[in-house]
Amino acid sequence: MNWRRWNNIIHRDLGYIAFGLTIVYAVSGIFLNHKRDLNPNYIIGNRVFELRTNLLDTNISINVINNILKTNGFSQKYTGYFKPEPGVVQVFYPGKTVTFDLNTRKGNVEIVKNRSIVKEMNYLHLNTPGKLWTWFADIYAVMLILLAITGLFVLKGKNGIKGRGAWLTALGLSIPVIFVIIYTL
Amino acid sequence: MKKLLCILTTMFIVQLLLMGNSAKRFGEELKLDKSSKISVMLETPEKFLKKTVRIEGMVTGVCKMRGCWMDIASDKEFQKLKIKVKDGDMVFPLTAKGKYAVAEGTLYKISLTKKQVIEMKKHQAKEHGTKFDPDSVKSGMTFYQFKPVGVVIKNKK
Numbered sequence: 029m030n031w032r033r034w035n036n037i038i039h040r041d042l043g044y045i046a047f048g049l050t051i052v053y054a055v056s057g058i059f060l061n062h063k064r065d066l067n068p069n070y071i072i073g074n075r076v077f078e079l080r081t082n083l084l085d086t087n088i089s090i091n092v093i094n095n096i097l098k099t100n101g102f103s104q105k106y107t108g109y110f111k112p113e114p115g116v117v118q119v120f121y122p123g124k125t126v127t128f129d130l131n132t133r134k135g136n137v138e139i140v141k142n143r144s145i146v147k148e149m150n151y152l153h154l155n156t157p158g159k160l161w162t163w164f165a166d167i168y169a170v171m172l173i174l175l176a177i178t179g180l181f182v183l184k185g186k187n188g189i190k191g192r193g194a195w196l197t198a199l200g201l202s203i204p205v206i207f208v209i210i211y212t213l
Numbered sequence: 057m058k059k060l061l062c063i064l065t066t067m068f069i070v071q072l073l074l075m076g077n078s079a080k081r082f083g084e085e086l087k088l089d090k091s092s093k094i095s096v097m098l099e100t101p102e103k104f105l106k107k108t109v110r111i112e113g114m115v116t117g118v119c120k121m122r123g124c125w126m127d128i129a130s131d132k133e134f135q136k137l138k139i140k141v142k143d144g145d146m147v148f149p150l151t152a153k154g155k156y157a158v159a160e161g162t163l164y165k166i167s168l169t170k171k172q173v174i175e176m177k178k179h180q181a182k183e184h185g186t187k188f189d190p191d192s193v194k195s196g197m198t199f200y201q202f203k204p205v206g207v208v209i210k211n212k213k
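Those protein sequences? They're chains A and B, same order as listed.
The letter at position 171 of the first sequence is residue 199 when you use this note's numbering, and the numbering goes up by one with no holes.
The letter at position 56 of the second sequence is residue 112 when you use this note's numbering, and the numbering goes up by one with no holes.
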């Protein structure tokens with residue numbers, strides 16, 4: 029068997045193995061790339077509401093908090109509350125925070141939902157678990173390098189690395205170089 | 057072959073979900089047994105600078121963009137302490153709000169000029185989706201934050 033056949037077998041089989049992880053890193057990469065504009069792990073929703081209460085005193089006791097919550101339709105059991113400043117209370121529920129302000133008579137409900145699957149992909153992409161995953165991710169990186177190199181030699185002839193392939197490879201290499209030059213000069 | 061692919065994909069997704077749900081420890085293991093009161097630390101911060109201490113309290117806020125900070129409620133009313141990490145060192149879950157955090161690390165001082173305060177408040181306003189008037193800042197400021205080496209987030213105290 030000649031070297032090209034071995035090259036193509038390695039390229040094919042590594043391609044199959046790397047498929048799942050490539051999808052994980054690629055999908056997660058898109059979300060992480062835009063982390064300045066959106067949270068890659070959560071979908072956050074906010075709803076502002078007018079506070080229904082006759083209270084004027086901003087010295088808020090636990091009974092007052094319970095009363096305000098009940099009056100405004102929050103009957104679910106909360107996990108805790110915090111008073112960041114006089115007249116303002118944050119009440120925490122699993123996946124939800126209700127904030128009300130007796131000074132402005134406004135309230136806000138913030139609902140946080142996981143971006144299912146994508147959150148777990150980001151967890152792996154950012155190497156949050158560390159430990160064994162670090163080695164696994166390194167192996168995957170080496171696999172990608174091998175895939176890239178073997179990929180250059182899959183075809184021979186005018187569409188191979190000596191023809192069209194050379195031009196496209198040069199184009200691919202020049203893109204990061206151009207960006208580095210533009211952004212660092 | 058199709059069956060095998062389905063089984064492998066399902067196993068992979070289940071594994072991912074399980075891994076994500078178990079992430080409640082961040083950074084190094086906690087070593088100290090006793091926590092310092094946040095109120096005492098903020099009243100006499102100079103005594104605590106450069107010392108490794110343990111703090112604990114309810115999580116009242118988490119960075120919405122990158123999970124790079126958490127606010128921890130003090131034992132004193134209207135007071136909290138921000139624990140801040142470098143982006144990516146630890147990613148605190150947004151769902152930690154209302155849960156209980158124990159952190160080990162050091163208190164540090166931040167002194168900002170008026171220009172830096174304006175930049176910081178602009179960033180905070182963007183993050184919270186609120187309006188900010190730069191003219192409301194009259195001078196620079198000094199405040200304290202906590203740099204953790206290890207954090208544990210629990211459902212209850």
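A virtual CB, placed ideally from N, CA and C, is assigned to each residue, including glycine.
8 Å contact criterion, which residue i and residue j should meet: CB distance rounded
i: S56/A; j: M149/A; result: 4 Å
i: F181/A; j: R32/A; result: 6 Å
i: G191/A; j: G185/A; result: 7 Å
i: A157/B; j: V115/B; result: 5 Å
i: Q118/A; j: Y106/A; result: Going by Cβ atoms, the distance from Q118/A to Y106/A rounds to 10 Å, so no, they are not a contact pair.
i: T197/A; j: I189/A; result: 7 Å
i: K170/B; j: S195/B; result: 6 Å
Residue i versus residue j - alpha carbon distance
i: K139/B; j: G113/B; result: Before going on, a small fix: residue 139/B reads as Ile here, not Lys. Approximately 11 Å, taken between the alpha carbons.
i: A159/B; j: V96/B; result: 16 Å
i: C124/B; j: F148/B; result: 6 Å
i: P204/A; j: K59/B; result: 41 Å
i: V193/B; j: I174/B; result: 7 Å
i: K87/B; j: I111/B; result: 12 Å
i: E99/B; j: L83/A; result: 33 Å
i: M90/B; j: G123/A; result: Correcting the residue identity first, residue 90/B is Lys in this sequence and not Met. Rounded to whole angstroms, K90/B to G123/A spans 30 Å at the Cα level.
i: P112/A; j: G117/B; result: 10 Å
i: K155/B; j: N35/A; result: 53 Å
i: Y168/A; j: I45/A; result: 9 Å
i: S144/A; j: N67/A; result: 13 Å
i: T99/A; j: C119/B; result: 30 Å
i: K182/B; j: H62/A; result: 16 Å
i: T132/A; j: N142/A; result: 31 Å
i: G185/B; j: K177/B; result: 12 Å
i: T81/A; j: V92/A; result: 10 Å
Within 8 Å, strictly: CB atoms of residue i and residue j
i: M126/B; j: A152/B; result: yes
i: F120/A; j: I96/A; result: no
i: L183/A; j: I38/A; result: no
i: I206/A; j: V140/A; result: no
i: L137/B; j: I94/B; result: yes
i: G243/B; j: F199/B; result: Past the edges of chain B, shown from 57 to 213, lies residue 243/B, and the structure says nothing about it.
i: L163/B; j: L105/B; result: yes
i: H153/A; j: Y53/A; result: yes
i: V207/B; j: M146/B; result: yes
i: V126/A; j: V116/A; result: no
CB contact below 8 Å: residue i versus chain B
i: L154/A; result: yes
i: K159/A; result: no
i: Y70/A; result: yes
i: V117/A; result: no
i: W195/A; result: no
i: R64/A; result: yes
i: L42/A; result: no
i: E78/A; result: no
i: T107/A; result: yes
i: N67/A; result: yes
i: T125/A; result: yes
i: P204/A; result: no
i: F120/A; result: yes
Neighbourhood of residue i by C-beta distance below 6 Å, restricted to the same chain and skipping five residues each side
i: G135/A; result: F77, L79 and F128
i: L49/A; result: Y168
Min CB distance residue i to chain A below 8 Å
i: A181/B; result: no
i: A129/B; result: yes
i: E84/B; result: no
i: L98/B; result: no
i: G154/B; result: yes
i: G161/B; result: no
i: F188/B; result: no
i: G206/B; result: no
i: K120/B; result: yes
i: F104/B; result: no
i: L150/B; result: yes
i: F202/B; result: no
Same chain only: Cβ atoms within 8 Å of residue i, ignoring 5 sequence neighbours per side
i: S103/A; result: L97
i: N155/A; result: W161, T162 and A165
i: S92/B; result: F104, V109, R110 and I111
i: D232/B; result: Absent from the model: residue 232/B. The displayed extent of chain B is 57 to 213, so no value can be given.
i: L42/A; result: M171, L174, L175 and T178
i: M29/A; result: none
i: P157/A; result: Y151
Other residues of its chain near residue i: CB distance less than 7 Å, five sequence neighbours each side excluded
i: M197/B; result: L168 and V173
i: K147/A; result: N69
i: V208/A; result: none
i: P190/B; result: I174
Cutoff 8 Å: residue i Cβ touching any chain D Cβ
i: V92/A; result: No chain D is present in this structure, whose protein chains are A and B.
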